[in-house]
């Protein structure tokens, strides 16, 4: 059903790489490509240190991750686009109107829960967002065949 999933946030250093690592881990051997990008990416930057530490505590990592700017081509090539906030849906549609119908909140199956941006906040904010993303990733699994 889905061959490729693109996960989107703003900077592509906190939420989307965390969600990418979670989804890759939970999908296991399923043949689905998962990647991430940012609407205002901090291009070339690695995962933010707090996000990386929390991921590491859960046994996850993306050591080769470098933030990248979303493009219309990435949007077109993805079968499913998962974003962190409602306003990101409009931003994706503005870049590629054809993405309507395949762009959803990562927290869609958690009552359309948004994942707030923890950037430049303390560790508890990152832990809170991690918990949301972990639950949301679990909730997507039945739909990713």
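In my numbering, the protein residues as written are 3 to 147.
We treat Cβ as the ideally placed atom computed from N, Cα and C, and that holds for glycine.
Everything numeric in this text was worked out from a predicted model, so none of it was measured.
When you compare the CB positions of residue i and residue j, do they come within less than 7 Å of one another, or not?
i          : j           : result
residue 17 : residue 98  : no
residue 81 : residue 5   : yes
residue 1  : residue 9   : Since the first and last residues shown for the chain are 3 and 147, residue 1 lies out of range.
residue 3  : residue 104 : no
residue 28 : residue 135 : no
Under a Cβ-count criterion, where at least 16 other Cβ atoms within 10 Å of its own Cβ denotes burial, should residue i be classed as buried or exposed?
i           : result
residue 46  : exposed
residue 86  : buried
residue 132 : buried
residue 129 : exposed
residue 38  : buried
residue 1   : No statement about residue 1 is possible, as the shown extent of the chain runs from 3 to 147 and does not include it.
residue 109 : buried
residue 66  : exposed
residue 55  : exposed
residue 58  : exposed
Under the DSSP definition of a beta bridge, which residues are partnered with residue i?
i           : result
residue 10  : 39 and 85
residue 107 : 85
residue 115 : 109
When every heavy atom of the ligand ZN is checked, does at least one fall within less than 6 Å of the C-beta of residue i?
i           : result
residue 139 : Within the structure as shown, the ligand ZN is missing, as the structure has no ligands at all.
Leaving out the 5 sequence neighbours to the left and right, which residues in its chain are closer than 8 Å to residue i when beta-carbon positions are compared?
i           : result
residue 102 : 95
residue 114 : 88 and 107
residue 121 : 12, 13, 15, 16 and 50
residue 40  : 10, 11, 12, 13, 14, 15, 18, 69, 70, 71 and 72
residue 2   : Lying outside 3 to 147, the shown extent of the chain, residue 2 is not represented and no answer is given.
With a threshold of 7 Å on Cβ separation, who are the neighbours of residue i within its own chain once the five nearest residues in sequence on each side are excluded?
i          : result
residue 64 : 19, 22, 23 and 49
residue 79 : 6
residue 74 : 97 and 98
If you drop the 5 nearest sequence neighbours on each side, which residues of the same chain put their C-beta closer than 6 Å to that of residue i?
i          : result
residue 25 : 36 and 139
Open item on the list: What ranges does the alpha helix (DSSP H) occupy inside the stretch 17 to 72, keeping only unbroken runs of at least 4 residues that lie completely in it?
Closed with: DSSP runs (the alpha helix (DSSP H)) wholly in the stretch 17 to 72: 17 to 29 and 51 to 59.
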